[in-house]
Every structure is written in C-alpha cells, then in structure tokens.
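This report concerns only the one structure given below.
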C-alpha cells in the first residue's frame, strides 16, 4: 500500500454512533475495503484510465487539521460553473452561494438519514462496486 493510502486509511473516522444500521454496515465495509486495497490502480477496471499514482510520486500528504483553511475566501474555484455552490468541510455545509433550483432540496447527510429520505439507502449502496 502506498504511503498516501496508508495515511488516508489511518485518517478514516470512527464509525461509532452511526445510524441507521445499514449505513454503519456500509461504512464498515467501505473502510475495510480501503484498508485492504488502498487507492485504486490501473489494474482496477473502473480506474484503468485514471492515473492517481502521481499523487504518491508527488509526495502528497494529508494536511494537519490546523493547516486546513476555514476562511471561505480561500476555497478553490469550482470545477464546473453553476448558479448554486455549496462549500463543505468534513461533510458539513459551511456556506451556500446562490439559490437552490426549484424542486431541489439540500440537506446535510445526517438530516437526510434522520428524515428517511426516499432512495438514499439505494443511492449510497450503489456507490460500492464490491472490490
């Protein structure tokens, strides 16, 4: 496993207190798979055209928590233009720029889980490929 993969695996959050049960199980499975396999390589069919090995070669490391900027003026530019921009830090909505389009609702994941948003479990479970 690469140095960056080992750092990321060590930084995985504790899974205690996660509810509902299906999400706790899903997170545990994902964490176990990441600890076993690390970052994907070109040998993984879904990643064969995506090179992320350069992150290791470039010496990328996780920043110390104190080094992460909190000021919204230091956020990188979005990858795509949109009238809505959500700035997130550790899964929490820090700022919303623009209006949410009609018919769309933006919730923190914890709230969506608590409200039992229809289809959320299926969506999250679809993100694993079983490797």
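In the working numbering, the protein residues as written are 665 to 795.
For every residue, glycine included, the Cβ atom is placed at its ideal position computed from N, Cα and C.
(request) Report back the beta-carbon spacing between residue 674 and residue 702 to the nearest angstrom; my notes put them in contact at under 8 Å. (result) Indexing the chain shown from 1 puts residue 674 at position 10. Indexing the chain shown from 1 puts residue 702 at position 38. Not quite, the Cβ-Cβ distance comes to about 12 Å (not below 8 Å), so this is no contact.
(request) Would you give the residue range spanned by the beta strand (DSSP E) that residue 759 belongs to? (result) Counting from one through the chain shown, the residue named residue 759 turns up at place 95. Element bounds for residue 759: 756-761.
(request) Determine the DSSP secondary structure at residue 752, reduced to helix, strand or coil. (result) Mapped onto the chain shown, residue 752 falls at position 88. Strand at residue 752.
(message) Tell me which residue opens and which closes the alpha helix (DSSP H) that residue 778 is part of.
(response) The sequence position of residue 778 within the chain shown is 114, counting from 1. Where residue 778 is concerned, the enclosing alpha helix (DSSP H) stretches over 773-779.
(message) Between 762, 758 and 668, which has its C-alpha nearest residue 749's C-alpha?
(response) Within the chain shown, numbered from 1, the residue matching residue 749 stands at position 85. The shortest Cα separation from residue 749 among 762, 758 and 668 belongs to 762.
(request) Check residue 666 in the structure and name its three-state DSSP category. (result) Taking the first residue of the chain shown as 1, we reach residue 666 at position 2. Looking at residue 666 - three-state DSSP - the assignment turns out to be coil, as it is neither helix nor strand.
(message) Report the CB separation of residue 691 from residue 679 in whole angstroms; it is logged as a contact under 8 Å.
(response) As a first step, residue 691 must be located in the chain shown, where it is residue number 27. As a first step, residue 679 must be located in the chain shown, where it is residue number 15. 5 Å between Cβ atoms; contact.
(request) Classify residue 683 as helix, strand or coil using the three-state DSSP reduction. (result) Walking along the chain shown from the start, residue 683 turns up at place 19. Looking at residue 683 - three-state DSSP - the assignment turns out to be coil, as it is neither helix nor strand.
(message) Tell me the residue span of the alpha helix (DSSP H) that contains residue 791.
(response) Reading the chain shown from its first residue, position 127 is the one you call residue 791. No alpha helix (DSSP H) holds residue 791; DSSP gives it neither H nor E.
(request) Look up residue 673 in the DSSP assignment and say whether it is helix, strand or coil. (result) Residue numbering aside, residue 673 sits at position 9 when the chain shown is read from its first letter. If DSSP states are grouped into helix, strand and coil, residue 673 belongs with the helices.
(request) Alpha carbon to alpha carbon, how far is residue 699 from residue 670? Give it in angstroms, no decimals. (result) Indexing the chain shown from 1 puts residue 670 at position 6. Indexing the chain shown from 1 puts residue 699 at position 35. If I take the Cα positions, the gap works out to 8 Å.
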